[in-house]
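The structure appears below as structure tokens.
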Amino acid sequence: VDGHNIVPCWEASDKLEYAARTIRNKINSKLPEYLTEFPPLIKHPYDSVIKTPKNDWDNCFEHVLIDKTVDKVNWCKAGYRGALDQLEIFITERLRNYDEKRNDPAQDATSGLSPWFHFGQISVARVILEVQEYKNKYQKSVAGFMEEAIVRRELSENFCFYNENYDSMKGANSWAFETLNAH
Numbered sequence: 179v180d181g182h183n184i185v186p187c188w189e190a191s192d193k194l195e196y197a198a199r200t201i202r203n204k205i206n207s208k209l210p211e212y213l214t215e216f217p218p219l220i221k222h223p224y225d226s227v228i229k230t231p232k233n234d235w236d237n238c239f240e241h242v243l244i245d246k247t248v249d250k251v252n253w254c255k256a257g258y259r260g261a262l263d264q265l266e267i268f269i270t271e272r273l274r275n276y277d278e279k280r281n282d283p284a285q286d287a288t289s290g291l292s293p294w295f296h297f298g299q300i301s302v303a304r305v306i307l308e309v310q311e312y313k314n315k316y317q318k319s320v321a322g323f324m325e326e327a328i329v330r331r332e333l334s335e336n337f338c339f340y341n342e343n344y345d346s347m348k349g350a351n352s353w354a355f356e357t358l359n360a361h
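Below, the structure is given as structure tokens:
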């Protein structure tokens with residue numbers, strides 16, 4: 179499973195940040211140190227000799243409650259290869275329009291990578307390294323994608339890391355309560 183942060187929370191800031199504007203420069207100043215190409219995998223010099231019993235999947239499935247009325251997901255391919263396929267679609271078909279159309283739900287302009295990010299099948303760092311290759315061609319779109327995928331994402335990570343009540347209404351800011359009460 180790939181990691182989810184590019185810059186570790188405690189390296190980006192030592193306190194709870196309240197807006198993208200308060201954390202943006204802190205994160206961006208650390209990107210040269212943390213947003214780097216991944217080192218190559220090196221085969222371990224010793225082969226594993228551990229013999230493990232085969233899984234009895236039929237027995238496992240007998241003890242798991244599965245709603246079999248829910249159809250299998252067919253619109254995407256799981257795993258790293260599926261994530262790379264989606265990344266290729268984003269870069270070749272959607273990236274050029276990302277800056278102008280990403281917030282329009284009627285347009286197909288987002289990366290579509292959220293499921294792979296969520297399940298750790300590809301890291302944001304890997305995607306950013308690939309998308310950055312197009313910064314000269316699609317400057318505003320690449321900058322916008324980096325803002326969303328790095329700054330906004332890591333701002334939410336900062337919130338969860340530094341706010342002990344991140345998972346309840348106690349952790350919300352006063353403006354959030356005002357908005358809820360107004361609606």
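Residue numbers (our numbering): 179 to 361.
Heads up, the beta-carbon is just placed ideally off N, CA and C, and yes, glycines get one too.
Note that the coordinates shown come from a computational prediction; the quantities given were computed from them, not determined experimentally.
task = Find the nearest neighbour of residue 157 within the set 326, 197 and 288, judged by alpha-carbon distance.
result = Outside the displayed range of the chain (179 to 361) lies residue 157, so it cannot be described from this structure.
(Q) Out of 304, 344 and 280, which one is the CA nearest neighbour of residue 214? (A) Within the sequence shown, the letter at position 36 stands for residue 214. Among 304, 344 and 280, the Cα nearest to that of residue 214 belongs to 304.
So the alpha helix (DSSP H) residue 237 belongs to, where does it begin and stop? As a first step, residue 237 is located in the sequence shown; it is residue number 59 there, counting from the start. Note, residue 237: alpha helix (DSSP H), 235-240.
Residue 293 (DSSP reduced to helix, strand or coil):
Residue numbering aside, residue 293 sits at position 115 when the sequence shown is read from its first letter. Reduced to three states, the DSSP call for residue 293 is helix.
(Q) Once the 5 residues before and after residue 339 are set aside, which same chain residues still bring their CB inside 8 Å of it? (A) As a position in the sequence shown, residue 339 is number 161, starting the count at 1. 187 and 188, listed in sequence order.
Starting from the N-terminal side, write out each stretch of the alpha helix (DSSP H) that is 4 residues or longer and does not extend beyond the segment 247-329. Listed in chain order, the complete alpha helix (DSSP H) runs (minimum 4 residues) inside the segment 247-329 are 257-267, 273-279, 292-296, 302-309 and 317-324.
Among 314, 300, 251 and 325, whose alpha-carbon lies nearest the alpha-carbon of residue 209?
Residue numbering aside, residue 209 sits at position 31 when the sequence shown is read from its first letter. For the residues 314, 300, 251 and 325, the minimum Cα distance to residue 209 belongs to 325.
Bounding residues of the alpha helix (DSSP H) (the contiguous stretch that carries residue 212): By one-based count along the sequence shown, residue 212 stands at place 34. Boundaries of the alpha helix (DSSP H) around residue 212: 198-212.
Q: For the alpha helix (DSSP H) containing residue 352, list its first residue and its last residue.
A: As a working mapping, residue 352 is identified with position 174 in the sequence shown. Element bounds for residue 352: 352-360.
message = Please report the straight-line C-alpha distance between residue 180 and residue 206, rounded to a whole angstrom.
response = Your numbering for residue 180 matches position 2 in the sequence shown. Your numbering for residue 206 matches position 28 in the sequence shown. A caution first: residue 180 carries a pLDDT of 48, below 50, which makes its placement in the model unreliable, though a value can still be read off. About 21 Å.
*asked:* Here's the rule: buried if 16 or more other CB atoms are within 10 angstroms of the residue's CB, otherwise exposed. What is residue 276?
replied: In the sequence shown, residue 276 corresponds to position 98, counting from 1. Counting C-beta atoms within 10 angstroms of its own C-beta, residue 276 has 16 or more neighbours from the protein chains shown and is therefore classed as buried.
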